[in-house]
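The sequence shown runs -26 to -1, 1 to 110 under mature numbering (1 follows the signal peptide of the UniProt record, and there is no 0).
So the structure is just underneath, and the comments pick up after that.
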Amino acid sequence: MFFRLRKAAIQLFCVVTLGLSASTNAENIAEPEVFFTVKPLVCIVERLGQSCKMQALFRWQYTPEQPLCIWQDDTKLFCTTATGKKQRKNWTVELKQSTVFSCRVNDHIVAKQTVEVAGLNPPQYRRRLHSDWSLF
């Protein structure tokens, strides 16, 4: 009887110890640290629909040292290797409408930022030739 109880206690101890070490290992797996910004956030044109060419400042930081690429919608702008430290690069971009810039690692988007295109003058609408109502 004593040996059965001792065997059960040892088995329980092993199960608890393995369970705790498995949960500790799961907690030690760190998520990648990501920082990504694009400045300026707004590109101003005279009228909407016009092209906007601007010098954008890209800043990023990605913790695991891996190759990463900066994309403008579906177009790859440039690639570099993440160093774990903050990095920056000026890049000339041309926008016709609001655009999403993304930071991708192994073709997976890890961060993104939208740059809006705003117009100074509202679009011109055609004037109505007659009023909406009539007395007759």
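Just so you know, even glycine gets a beta-carbon here, dropped at the ideal spot from N, CA and C.
Counting along the chain, where does the beta strand (DSSP E) carrying residue i start and finish?
i          : result
residue 34 : 26 to 36
residue 90 : 82 to 95
residue 72 : Residue 72 -> no beta strand (DSSP E), and no H or E assigned at all.
residue 11 : 8 to 13
residue 55 : 49 to 55
residue 20 : 16 to 21
Out of the options, which has the shortest C-alpha to C-alpha gap to residue i?
i          : options           : result
residue 56 : 34, 17, 18 and 15 : 34
residue 90 : 18, 67 and 47     : 18
residue 10 : 37, 24 and 80     : 37
residue 27 : 92, 54 and 106    : 92
residue 80 : 16, 44, 15 and 87 : 44
residue 70 : 62, 20, 8 and 61  : 20
So, for residue i: in the same chain, excluding its five sequence neighbours on each side, which residues have a beta-carbon less than 7 angstroms away from its beta-carbon?
i          : result
residue 65 : 30, 32, 51 and 52
residue 46 : 67, 73 and 75
residue 58 : 37 and 39
residue 83 : 76
Taking the CB atoms as reference points, tell me whether residue i and residue j lie closer together than 8 angstroms.
i          : j          : result
residue 42 : residue 78 : yes
residue 87 : residue 12 : yes
residue 85 : residue 8  : yes
Helix or strand or just coil, what does DSSP make of residue i?
i          : result
residue -1 : Annotation note: pLDDT 44 at residue -1 (below 50); position unreliable, coordinate value reported separately. Reduced to three states, the DSSP call for residue -1 is helix.
residue 65 : strand
residue 46 : strand
For residue i, which residues of its own chain have a beta-carbon under 8 angstroms away from its beta-carbon, when the five flanking residues on both sides are left out?
i           : result
residue -24 : At residue -24 the pLDDT is 46, less than 50, meaning the model places this residue with poor confidence; the figure from the coordinates comes in the next sentence. Same-chain partners within the cutoff: there are none.
CB-CB under 6 angstroms to residue i, same chain, minus the five flanking residues each way: which ones, in chain order?
i          : result
residue 54 : none
residue 6  : 37 and 38
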